[in-house]
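Asker: Start counting the sequence shown at 17; every next residue gets the next number (the numbering used here). Below is a structure I'd like to ask you about.
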Amino acid sequence: MDFDLFLTEPRWRVLEIIANCPSSPAEIAAQLNTSLAYVSQQLRLLEAANLVTKQRTKSVEKGRARVVYSLTQENAYIGSLIKGFAFKKKIKLSNYHKAILKIWSLENPQTHEPASRAYNSLLPHLKEIEAIFLVPNSAHAKPSIAVVSSSRKLKPLVESIERELKPLSSELVSIKLLTKEEFAKRFSLAKLIPLHDPNCLLGELKGGELKSER
């Protein structure tokens, strides 16, 4: 399959909508301000390419979607122009890939290395961590990494990571260790990017759409 065909309009817009939230053909058509027939045609092509899959919902209420489309699997399509090493490649994403790509989404490239190093330092300790969130920079604060854990054993590690971050960039990325309660008070309304959130803490804080497993 030539994946390039799906990185151009309009199929990319359909994929983008589905990636953000599984959607029905009618919902996609409304967002694109186009006809249901046109969206259905694009969805058939994407389904034939095994990029999306359809599922029937349990809801039978009038006006509610009965069929929604979601991604078949999570992929990244990377193109790189490095001297002596140019390539394009589709990659099936692991949790690690997804976290690094989210870090690379930060606008200032100087923050990418310190944030990536901080995340890599936390990886061996994931069993003790409830969640890790990337907090993008704002007009009032630099980018930060919020580590949610009730384990105080992580405090020396987080302090060590903070010291290591300082010489890497003038646009420092801070790191904070917080309990779940502290995190909820400080960041519940922020535009958080989950790097590690196995129990859907972010969904719980946003209003209970998703519940943590106990």
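Note that the Cβ used here is the ideal one computed from N, Cα and C, for glycine as well.
1) Just tell me which of Arg168, Leu181, Ser165, Leu188 has its CA closest to the CA of Pro152.
2) Return the CA-CA distance between Arg27 and Pro140, expressed in angstroms with no decimal places.
3) Counting Cβ pairs closer than 8 Å, one from the segment 127-138 and one from the segment 157-170, do we hit at least three?
4) Between which two residues does the beta strand (DSSP E) holding Ala147 run?
5) Looking at the structure shown, is Ser261 part of a helix, part of a strand, or coil, going by DSSP?
6) Report the residue from Leu150, Glu32, Asn124 whose alpha carbon sits nearest the alpha carbon of Leu193.
7) With burial defined as no fewer than 16 other Cβ atoms inside 10 Å of the residue's Cβ, what is the status of Pro159: buried or exposed?
8) Quick one: which unbroken alpha helix (DSSP H) runs of 4-plus residues sit fully inside the segment 166-206? Chain order, please.
9) Excluding the 5 residues preceding and the 5 following Thr195 in the sequence, name in chain order all residues of the same chain whose CB lies nearer than 6 Å to its CB.
10) Please go through the same chain and pick out, in chain order, the residues whose beta-carbon is closer than 6 Å to the beta-carbon of Glu225, but skip the five residues on each side of it.
11) Pro38 and Ser86 - do their beta-carbons sit closer together than 9 Å?
12) Just how far apart, CA to CA, sit Arg29 and Leu21?
13) Just curious, the alpha helix (DSSP H) that Lys118 is in, first and last residue?
Answerer: Looking at the coordinates:
1) As a first step, residue 152 is located in the sequence shown; it is residue number 136 there, counting from the start. Nearest to Pro152 by C-alpha distance, out of Arg168, Leu181, Ser165, Leu188, is Leu188.
2) Start at 1 with the first residue of the sequence shown, and residue 27 comes out as number 11. Start at 1 with the first residue of the sequence shown, and residue 140 comes out as number 124. About 39 Å.
3) The answer is yes - the segment 157-170 touches the segment 127-138, with three or more Cβ pairs under 8 Å.
4) As a first step, residue 147 must be located in the sequence shown, where it is residue number 131. Note, Ala147: beta strand (DSSP E), 147-151.
5) Examination of residue 261 is not possible in this model, given that the chain is present from 17 through 230 alone.
6) Reading the sequence shown from its first residue, position 177 is the one you call residue 193. The option with the nearest alpha carbon to Leu193 is Leu150.
7) Start at 1 with the first residue of the sequence shown, and residue 159 comes out as number 143. With 16 or more Cβ atoms within 10 Å of its Cβ, Pro159 is classed as buried.
8) Runs of the alpha helix (DSSP H) inside the segment 166-206: 171-181, 196-203.
9) The residue you call residue 195 lines up with position 179 of the sequence shown. The residues Ser166, in chain order, have a CB closer than 6 Å to that of Thr195 in the same chain once the five nearest residues on each side in sequence are set aside.
10) Here residue 225 corresponds to residue number 209 of the sequence shown, with the count starting at 1. For Glu225, the predicted model reports a pLDDT of 42, less than 50, meaning its position is unreliable; a value from the coordinates is still stated below. Around Glu225: Gly219.
11) Here residue 86 refers to the residue found at position 70 when the sequence shown is read from its first residue. Here residue 38 refers to the residue found at position 22 when the sequence shown is read from its first residue. By the CB criterion at 9 Å, Ser86 and Pro38 fall inside the cutoff.
12) For this step, residue 29 is matched to residue 13 along the sequence shown. For this step, residue 21 is matched to residue 5 along the sequence shown. Rounded to the nearest angstrom, the gap between the Cα atoms of Arg29 and Leu21 is 12 Å.
13) Residue mapping note: residue 118 aligns to position 102 of the sequence shown, counting from 1. Note, Lys118: alpha helix (DSSP H), 111-120.
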